[in-house]
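Okay, so the sequence shown: first residue is 1 according to full-length UniProt numbering, each after it adds one. Everything on this sheet refers to the single structure shown next.
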Amino acid sequence: MAGTVEHRVYTVREGLLDEWVRRWREEIVPLRLELGFTIGGAWVDRENNRFIWTLGYDGPEGFAEANRRYWASPERAAMQLDPEDYLVSTEKTVVTRVY
Numbered sequence: 001m002a003g004t005v006e007h008r009v010y011t012v013r014e015g016l017l018d019e020w021v022r023r024w025r026e027e028i029v030p031l032r033l034e035l036g037f038t039i040g041g042a043w044v045d046r047e048n049n050r051f052i053w054t055l056g057y058d059g060p061e062g063f064a065e066a067n068r069r070y071w072a073s074p075e076r077a078a079m080q081l082d083p084e085d086y087l088v089s090t091e092k093t094v095v096t097r098v099y
């Protein structure tokens, strides 16, 4: 289990949930995994137009630095994927597994 895990809840713009999920799977997931992150799972709440996932990192540089490296990477820039085009709001909570 990763040292730091974020539980993330995104409210997605009306009509864009499926497109967001597709792009997340095809573009975001491979790069996150390549950079040493772990993904504990992802879920959709269609009734509330929400996307929920867990993102972890247990490398030597720490979560914040690894996340900065992700956002600064040329691969991330090449995605031409601006979260604001899809997401109305985001909630991020650092959680620790107790079971």
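Cβ atoms here follow ideal geometry from the backbone N, Cα and C, with glycine treated the same way. None of these values were measured; they are calculated from a predicted model.
Could you tell me which residues DSSP puts in a beta bridge with residue i?
| i | result |
| --- | --- |
| W43 | I52 |
| R8 | W53 and K92 |
| L87 | V12 |
| F37 | Y57 |
Apart from the five residues on each side of it in sequence, which residues of its chain come closer than 7 Å, Cβ to Cβ, to residue i?
| i | result |
| --- | --- |
| L16 | Y86 |
| M79 | E27 |
| N49 | T11, V12, E14 and L17 |
Using CA atoms only, rank isn't needed, just tell me which of the options is closest to residue i.
| i | options | result |
| --- | --- | --- |
| P83 | W20, T96 and R68 | W20 |
| E47 | L31, E14 and A66 | E14 |
| E32 | D18, A72, W43 and V44 | Here residue 32 turns out to be Arg, not Glu, going by the sequence shown. Minimum Cα distance to R32 is reached at A72. |
| residue 109 | V44, E34 and G40 | Residue 109 lies beyond the range of the chain shown here (1 to 99); nothing can be said about it. |
Near residue i, which residues of its chain fall below 6 Å by C-beta distance, leaving aside the five closest residues on each side in sequence?
| i | result |
| --- | --- |
| K92 | E6 and R8 |
Sorted by chain position, which residues of the same chain lie with C-beta nearer than 8 Å to residue i's C-beta, five sequence neighbours on each side aside?
| i | result |
| --- | --- |
| G59 | G36 and A66 |
Below 8 Å, can you find three or more Cβ-Cβ pairs linking the stretch 3–18 to the stretch 40–54? yes
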